[in-house]
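Colleague: My questions will all concern the structure given below.
Protein chains: 2
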Amino acid sequence: MAICNYSHFKPISLTPSTNRCRFESSTSRVLTFRCNNSLASTQLKAEPEPVLTSVKSFAPATVANLGPGFDFLGCAVDGLGDFVTLRVDPDVHPGEISISHIHGVESSVAKLSKDPISNCAGIAAISVMKKLGIRSVGLSLELEKGLPLGSGLGSSAASAAAAAVAVNHIFGGKLPVSELVLAGLDSEQKLSGYHADNIAPAIMGGFVLIRSYEPLDLVPLAFPAEELFFVLVSPEFEAPTKKMRAVLPKEIGMSHHVWNCSQAGMLVASVLRGDLKGLGLALSSDKIVEPKRAPLIPGMEAVKKAAIEAGAFGCTISGAGPTAVAVTDDEEKGKEIGYQMVDAFMNDGGLKARSVVRKLDRVGARVIESNP
Amino acid sequence: MAICNYSHFKPISLTPSTNRCRFESSTSRVLTFRCNNSLASTQLKAEPEPVLTSVKSFAPATVANLGPGFDFLGCAVDGLGDFVTLRVDPDVHPGEISISHIHGVESSVAKLSKDPISNCAGIAAISVMKKLGIRSVGLSLELEKGLPLGSGLGSSAASAAAAAVAVNHIFGGKLPVSELVLAGLDSEQKLSGYHADNIAPAIMGGFVLIRSYEPLDLVPLAFPAEELFFVLVSPEFEAPTKKMRAVLPKEIGMSHHVWNCSQAGMLVASVLRGDLKGLGLALSSDKIVEPKRAPLIPGMEAVKKAAIEAGAFGCTISGAGPTAVAVTDDEEKGKEIGYQMVDAFMNDGGLKARSVVRKLDRVGARVIESNP
């Protein structure tokens, strides 16, 4: 069982619910989701009625980029994430949603707005309500943050994913997963940029490659082996996504482009083959994004070195940081790698940090409680 | 059975020989070849003696780049390629090699030097002799060109691969496949650039991803399905590799970089899954190299359009061109696609062209005759 010793993460242990609201086929061999970004294909004939009075959903943390998978590849990690409790609420104006309560990780709660149009869960929920054509029912939403904001673990995507899945489920699960990802993208676009590499794996679970946005083409990449552990080490340091984006090069030399493309190919091949050594090599090999971002996170270069020296197959920045992510095939080894990385953050960067060792979340956002 | 109706291609039909000189394990699940570029690991203790008096080898044509796989991905196609006949020759100075005869495709023969240090087969043969430490035996080499030069089908790599495999085999097959690829790279470096995306699949067969050169890390990607057909349409037009390289951008915008990386990931995923639709989508999607090179090949844009309209899953330039390559799942459909592409070359580019429909060569360079 994975262990969480990071005080501001909420460790959870969930079994897949039969009420899961997602495509059943995301682990099939050659599945991709392609849809137009218009609603034409999913426009419903009649406004659906709620089939439940309340649901509680969960969506996992995600690791985007994975080195050379910058902006098009991400994966979900188990046991960390956000919860949404959604209720049919006669006190809320029909067709609208109200955020009744936000609790959980204190640093996150303090920064989040309860105005639905400024809240990642609220925006995704509204988008799903629009897609479903909800005009006659009001909803209230309670958000429980398990993830800190700005950690590089897809905090906003987890909230959006949990909200999107909850709204869809309370009305009978009419929308396909691609529409839920698009609803989540509405939220991501407003708060951190139009990138699906957090929201897609948060909703779908596992590894997801985003091949295109127009049309949306999401490619789940099933990892066939069991023994994949992520060591997530988060320092007490703020790395705002906007600042981490501003430092990226606008132009890339051809040799670095070819190098990163080949590493991206290796990353994908390694995921599909369950090849942890190859995955680690590829993960560590980014010559474009990580070299620009790592110097902005005190100690990151030493942390990566410490992870590799402690036996990790590879290490890079999770999302836009500051969390560092390493991969290994053994939980105990993962803990030791985590200790070494925490030490390196302190010794080289002067930053306190905590580590968790987590497995791949293969399920994605799901309903965990429902009341008729 | 694939059909060849291109007069200057030599169609061949080979069954895998038991004398094959390559790694047996290239179709295994998580195989990569990693080696240092030094000879330390393969330096032989004693000069090997020839175990045969002569061998005849074959190496297949290759399609490099495959759109977003630029400079790191290639595959071998069956039934087209070059032959080398190698003999122990007491009339040749010990430790040296002589090119006795070059024949086959006339346009190629006229342009090739019989001086071994200026000939792709000769350079690769010398490199293998050096790696083996041959000082006491002289060899004569006969090269039969099945491929035209400068067609974008890895003509020089096929000659180099056939020569490397022949020399290694006549001395008992002491060198691993990675050393044969390095020998072929010596040849490619001198004649067209230090890129292994033709020579690696020419030697190893199938699809090969080149992850790194230092150390050399070659990743075979097994295509699991049978029904993959390449439609190769070669116009009567010269597209020198140097000219086609000169037109490439030195710097690439971040959005195009991310796009091509994601397509490269999709390309690799599609190969490993045997997903022809995904393969075609990715193959057609290059926004960096193809848009610069296609305008230099009269009619290429119309040819691509014609291929897609005729039902191909995707189409791009093979290697540096001018051959266009499309993919399909049916040989008869492939012929029809080929006719439409030939028409488009004439109608839009004013170029005569011929087409062949070929399968994946999963074997790579191999010995097809040997005499004790």
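Line by line, the protein sequences are chains A and B.
Here the first sequence stands for residues 1 to 372, where the numbers follow my numbering.
Here the second sequence stands for residues 373 to 744, where the numbers follow my numbering.
Glycine included, every Cβ here is placed at the ideal spot set by N, Cα and C.
(1) Use the C-beta contact count for A/R393: other C-beta atoms within 10 angstroms, 16 or more gives buried, fewer gives exposed.
(2) Taking only three categories from DSSP, how would you classify A/K45?
(3) Using a cut-off of 7 angstroms between C-beta atoms, extract the partners of A/D71 located in chain B.
(4) Between A/A326 and A/I337, which are expected to be in contact by the criterion C-beta below 8 angstroms, what is the C-beta distance as a whole number of angstroms?
(5) Should B/S528 go down as buried or exposed, given a rule of 16 or more other Cβ atoms within 10 Å for buried?
(6) In the DSSP assignment, find the unbroken beta strand (DSSP E) run with B/G453 in it and report its ends.
(7) Does DSSP put B/E514 in a helix, a strand or coil?
(8) Could you say if the stretch 508-522 of chain B and the stretch 458-467 of chain B meet the contact criterion of at least three C-beta pairs nearer than 8 angstroms?
(9) Under DSSP, the beta strand (DSSP E) around B/S634 begins and ends at which residues?
(10) Of all Cβ atoms in chain A, is any one closer than 8 angstroms to the Cβ of B/S470?
(11) List the whole-angstrom C-beta distance separating B/G556 from B/A536, where the pair is believed to meet the contact cut-off of C-beta under 8 angstroms.
(12) Let me confirm a value: A/K131 is counted as buried when at least 16 other C-beta atoms fall within 10 Å, else exposed. Which label applies?
(13) Only counting the same chain, and skipping five residues up and downstream in sequence, which positions put a Cβ closer than 6 angstroms to that of A/G334?
(14) Since A/L209 contacts A/F72 with CB under 8 angstroms, what's their CB separation in whole angstroms?
(15) For the stretch 563-570 of chain B and the stretch 658-673 of chain B, state whether three or more C-beta atom pairs, one from each stretch, are separated by less than 8 angstroms.
(16) CB-CB under 7 angstroms to A/G104, same chain, minus the five flanking residues each way: which ones, in chain order?
(17) Could you name the residues of the same chain whose beta carbon sits closer than 6 angstroms to that of B/E703, not counting the 5 residues immediately before and after it, in chain order?
(18) Could you pull out every residue in the same chain whose Cβ sits closer than 8 angstroms to the Cβ of A/M129, ignoring the five residues on either side in sequence?
(19) Determine, using beta carbons only, whether A/S57 and A/C120 come nearer to each other than 8 angstroms.
(20) So is B/S385 buried or exposed if we call it buried at 16+ other beta carbons inside 10 Å?
(21) Could you round the C-beta distance between A/N371 and A/S54 to whole angstroms and report it? I think they count as a contact, below 8 angstroms.
(22) In three-state terms, what does DSSP make of A/Y376?
(23) Taking the alpha helix (DSSP H) that B/V500 belongs to, which residues open and close that run?
(24) With A/G278 as the anchor, note down where its alpha helix (DSSP H) starts and where it stops.
(25) Kindly list the residues whose CB is nearer than 6 angstroms to the CB of A/T241, restricted to its own chain and excluding five residues on each side of it in sequence; keep chain order.
(26) So, helix, strand or coil for A/T53, using DSSP?
(27) B/S523 CB to nearest chain A CB: under 8 angstroms?
(28) State the DSSP-derived secondary structure class of A/F230, mapped to helix, strand or coil.
(29) Against A/L272, what residues of chain B qualify as contacts under a CB-to-CB distance less than 9 angstroms, listed in chain order?
(30) Whose C-beta lies closer than 6 angstroms to the C-beta of B/S480 among residues of the same chain, with five residues either side of it excluded?
(31) Kindly indicate which residue of B/P621, B/L552, B/S584 has the alpha-carbon position closest to the one of B/I575.
(32) Let me confirm a value: B/I571 is counted as buried when at least 16 other C-beta atoms fall within 10 Å, else exposed. Which label applies?
(33) Mind pulling the chain B residues with CB within less than 8 angstroms of A/M254?
(34) Where does B/I489 land, buried or exposed, given buried means 16+ other C-beta within 10 angstroms?
(35) What number of angstroms, rounded off, separates the C-alpha of B/S654 from the C-alpha of A/L86?
(36) If you check the beta carbons only, do B/A448 and B/P432 fall under 8 angstroms apart?
Modeller: According to the data block:
(1) Given that chain A is displayed from residue 1 to residue 372, the structure contains no residue 393 of chain A and the question cannot be resolved.
(2) coil
(3) V630
(4) 6 angstroms
(5) buried
(6) 445-460
(7) strand
(8) yes
(9) Not the beta strand (DSSP E): B/S634 falls in the alpha helix (DSSP H), residues 626-645.
(10) no
(11) 5 angstroms
(12) buried
(13) F229, V231, T328, V357
(14) 6 angstroms
(15) no
(16) K10, E144, K145, G146
(17) F601, V729
(18) G95, I97, L139, V167
(19) no
(20) For B/S385, the predicted structure reports a pLDDT of 41, less than 50, and the residue's modelled location is therefore unreliable. The matter cannot be settled from this model.
(21) 5 angstroms
(22) What is shown of chain A runs 1 to 372, which leaves residue 376 of chain A out entirely.
(23) 492-504
(24) 276-283
(25) S192, A320
(26) coil
(27) no
(28) strand
(29) V640, A641, L644, R645
(30) K517, P520, L521
(31) B/L552
(32) buried
(33) L620, P621, K622, E623, I624
(34) exposed
(35) In the sequence under discussion, the amino acid at residue 654 of chain B is Ala, which differs from the Ser named in the question. Near 40 angstroms, if we compare the C-alpha coordinates of A/L86 and B/A654.
(36) yes
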